[in-house]
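Take a look at the structure below.
Residue numbers (this note's numbering): 50 to 317.
Below you can see the structure in the form of structure tokens.
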């Protein structure tokens, strides 16, 4: 959802497929998305399960940990004719690994991954929703993966690959799962991207971190936007780092902004 909000903020068309409860929180969330310019036609309503809540806890350095409530409405997303049609028509399908934590939504997602859309997975290894047998099915079906450096190390450990050399680990990761692109975020140390056999790196932009919630989503939206706007890979990773840095400097996961704000950060 955060990625869709960011893409909408910079003028791209994004639709959210999810499910909310038949409650006030669900009504408010759908209204917020509509007002933000995001297509909500694929958001279902559950008669029994509540709208999702995630409790965010910030440490003294403003780094976030998450308490993800369960079960909630988005654990029960059904495969509809409209959802399958949109997946077949769209150019890019973005999904988070957490969506697979329960059977109903996982089965829906796996059906959507049979379409011809470019498939991008945003990895979130949050215990207890970090099962190797579930995650690896999603990885194999994905064209592009965005994850952080700690998550990359976990995937290597699963397969007995424990290299401390980042680029060697990324090359192994690409060869093992057949990705077209890998983006590895490294907090305030920037990011590394592997695309078409080449590495692209950016040290990140220095900002005063107010709230890191949503910074990874903003980075991902920046990468997606850059490629959709035909930017070259160096421009893409710079744009992504600038978008993530801006969000980290603001309170909340989806502060209002436009491309001029991001370009100002990139210009220094």
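Virtual Cβ for every residue (Gly too), placed ideally from N, Cα, C.
Neighbourhood of residue i by C-beta, 7 Å cutoff - its chain only, sequence neighbours within 5 removed
i	result
residue 99	70, 72, 121, 122
residue 51	263, 266, 302, 303
residue 196	172, 233
residue 54	85, 87, 303
residue 287	251, 315
Beta-carbon separation (whole angstroms), residue i vs residue j, contact threshold 8 Å
i	j	result
residue 148	residue 262	No, residue 148 and residue 262 are not in contact; Cβ-Cβ is about 19 Å, not under 8 Å.
residue 198	residue 233	6 Å
residue 297	residue 256	6 Å
residue 241	residue 215	6 Å
residue 283	residue 249	6 Å
Cα-Cα separation between residue i and residue j, rounded to whole angstroms
i	j	result
residue 67	residue 82	12 Å
residue 276	residue 162	21 Å
residue 124	residue 306	31 Å
residue 205	residue 111	28 Å
residue 285	residue 56	14 Å
residue 281	residue 200	26 Å
residue 313	residue 59	14 Å
residue 269	residue 194	10 Å
residue 309	residue 207	42 Å
residue 186	residue 229	16 Å
residue 101	residue 252	35 Å
residue 77	residue 274	27 Å
residue 202	residue 217	11 Å
residue 175	residue 184	12 Å
residue 109	residue 237	16 Å
When the options are compared against residue i, the one with the closest alpha-carbon
i	options	result
residue 118	110, 105, 272	105
residue 154	282, 127, 246, 300	127
residue 258	286, 291, 163	291
residue 235	93, 293, 180	293
residue 182	146, 97, 229, 111	146
residue 107	300, 241, 312	300
residue 116	103, 110, 125	103
residue 311	272, 279, 282	272
residue 177	306, 238, 88, 151	151
residue 295	200, 280, 168, 239	239
residue 315	254, 63, 249, 241	254
residue 157	136, 89, 80, 214	136
residue 338	131, 85, 193	The chain is shown from 50 up to 317; residue 338 falls before or after that span and cannot be answered.
residue 167	246, 144, 250, 202	144
residue 141	64, 237, 252, 251	64
residue 165	185, 184, 186, 133	133
residue 138	62, 279, 249	62
residue 189	245, 203, 227	227
Neighbourhood of residue i by C-beta, 8 Å cutoff - its chain only, sequence neighbours within 5 removed
i	result
residue 223	231, 243
Where residue i falls, given that 16 or more other Cβ within 10 Å makes a residue buried
i	result
residue 211	exposed
residue 95	buried
residue 317	exposed
residue 80	exposed
residue 173	buried
residue 90	exposed
residue 171	buried
residue 75	buried
residue 219	buried
Residues near residue i in its chain [Cβ-Cβ closer than 6 Å; skip 5 each side]
i	result
residue 221	210
residue 160	128
residue 191	168, 170
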